[in-house]
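Undergrad: I am attaching a structure below and will ask some questions about it afterwards.
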Amino acid sequence: MKNAAKRIYVFLIFVFLYAPIATLIVLSFNASRTRAKWGGFTLKWYEALFHNRDILQALFNTLLIALIASVTATVIGTIACIAIVNMKRRSRTFVMGITNIPMLNADIVTGISLMLLFISFGFRFGMGTILLSHITFCIPYVILSVMPRMSHLNQSVYEAALDLGAGPLYGFFRVVFPELLPGILSGLLMAFTMSLDDFIITHFTKGAGVDTLSTKIYTEVKKGIKPEMYALSALIFITVLVLLLLVNRAPDDNNNRKGSKL
0 MKNAAKRIYV
10 FLIFVFLYAP
20 IATLIVLSFN
30 ASRTRAKWGG
40 FTLKWYEALF
50 HNRDILQALF
60 NTLLIALIAS
70 VTATVIGTIA
80 CIAIVNMKRR
90 SRTFVMGITN
100 IPMLNADIVT
110 GISLMLLFIS
120 FGFRFGMGTI
130 LLSHITFCIP
140 YVILSVMPRM
150 SHLNQSVYEA
160 ALDLGAGPLY
170 GFFRVVFPEL
180 LPGILSGLLM
190 AFTMSLDDFI
200 ITHFTKGAGV
210 DTLSTKIYTE
220 VKKGIKPEMY
230 ALSALIFITV
240 LVLLLLVNRA
250 PDDNNNRKGS
260 KL
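Numbering that gives the first Met the number 0 puts the first residue of the sequence shown at 0, with every later residue one more than the last.
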C-alpha cells in the first residue's frame with residue numbers, strides 16, 4: 000500500500016511539472032491559432048518563428064547578455080573568492096553575509112534600486128544597463144558556487160609550486176585553477192541560467208526598443224501570445240533536455256573508458 004502511494008505521489012509530481020510543458024509543445028504543432036480546438040498538425044509556426052525578426056532579435060539579445068554577464072560574473076566572482084578566503088575570519092564572515100544579501104533580496108527591490116542608481120548617474124538605458132544589472136546579481140551566485148571549493152583547497156600545494164620555481168600566475172592556473180574548475184563551471188552555468196531567466200530586473204533597467212525574451216513575452220501577453228512563442232519555447236525546452244542528457248551521459252562514458260582500460 001505504501002509503495003503504491005509513493006508511486007502515485009511521484010506520478011502526480013511529474014504530471015504537475017511536465018503536463019504544462021507537454022501542452023505547450025502540442026500547441027506549437029496546432030494549425031489553429033486558438034488554443035481551444037485542434038486544427039490539425041502543422042509546422043508553419045516554426046517556419047514563422049524563423050521569419051519573425053522581433054522574436055529572433057529578442058532571443059539574440061537574451062543569449063548575448065546571458066553569455067557576457069555569466070562569463071564576466073564568473074571572472075569577478077572567482078577573484079572575489081580568492082580575496083575573501085584570505086581575509087581574517089571575522090572579516091570573511093561579514094563579507095560573506097553582505098554577499099548573500101542580494102540573493103535573499105526581492106528581485107523587484109534590486110530592479111528598482113538599480114534603476115534609480117542608473118538614473119542618478121545619468122546612464123542611458125539600453126543593453127549596457129541590462130548587462131551591468133545582470134553582472135551585478137549574478138556575482139553572488141558565482142561566489143556561492145566557488146567558495147566551497149576554495150575553502151577546501153590545500154594552500155600548501157600552491158606554496159609548494161611557488162617554492163619549486165613557478166610564478167604566481169602559472170602556479171594558480173596549474174595548481175589552484177584545476178581544483179576550482181568544477182565550482183567555476185557550476186557558477187558559470189548558474190549565472191547563465193539566472194540571466195537567461197530574469198524578467199523583473201531586466202524590465203526595470205532596459206531601455207525603449209530593447210527586449211529580451213522575458214520582456215518580449217510579457218509584452219505579447221497583453222496583446223495575445225503568438226503561436227511562434229509556443230514554437231520557440233518548445234525548441235528551448237528540447238535544447239535544454241538534450242544538453243542535460245549529454246552532460247549526464249558524459250560521466251558514464253568516462254567511467255566505461257576507465258573500466259575498459261583497467
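C-beta atoms are modelled at their ideal positions from N, C-alpha and C, and glycine is treated no differently. Note that the structure is a prediction, hence the values are computed from the model and not measured.
By how many angstroms is the C-alpha of Met86 removed from the C-alpha of Leu231?
TA: 47 Å
Undergrad: Check this for me: beta carbons of Thr73 and Leu187, under 7 Å apart or not?
TA: yes
Undergrad: In terms of DSSP beta bridges, what is Asn29 paired with?
TA: Phe40
Undergrad: Within the same chain, show all residues whose beta-carbon is closer than 8 Å to that of Arg123, passing over the 5 residues directly before and after it, in chain order.
TA: Gly206
Undergrad: Going straight from the alpha carbon of Lys257 to that of Ile54, what length do you get?
TA: Caution applies to Lys257, whose pLDDT of 49 falls short of 50 and renders its modelled position unreliable; the value that the coordinates give is listed next. Cα-Cα distance, rounded: 45 Å.
Undergrad: At least one CB of chain D closer than 7 Å to the CB of His202: is that the case?
TA: Absence of chain D from the displayed structure is noted, only one protein chain being present.
Undergrad: With the cut-off set at 7 Å, would you say Cys137 and Met95 are in Cβ contact?
TA: no
Undergrad: Output needed for Phe40: all residues of its chain with C-beta closer than 6 Å, excluding positions within five of it in sequence on either side, in chain order.
TA: Phe28
Undergrad: Considering only C-alpha positions, which residue in the set Thr33, Ile7, Ala3 is nearest to Arg227?
TA: Checking the sequence shown, residue 227 turns out to be Glu, not Arg. Closest by alpha carbon: Thr33.
Undergrad: Assuming contact is defined by CB atoms lying nearer than 7 Å, are Ile183 and Val156 in contact in what I supplied?
TA: no
Undergrad: For Ile83, which residues from the same chain have a beta carbon less than 6 Å from its beta carbon, with the 5 sequence-adjacent residues on both sides left out?
TA: Cβ within range, chain order: Arg91, Val94.
Undergrad: If the criterion is Cβ atoms closer than 7 Å, does the pair Ala47 and Ile134 meet it?
TA: no
Undergrad: In chain order, what residues of the same chain have a beta carbon less than 7 Å from the beta carbon of Ile107, not counting five sequence neighbours either side?
TA: Result list for Ile107: Ile199, in chain order.
Undergrad: Three-state secondary structure (DSSP) at Thr174?
TA: The sequence shown places Val at residue 174, rather than the Thr named in the question. If DSSP states are grouped into helix, strand and coil, Val174 belongs with the helices.
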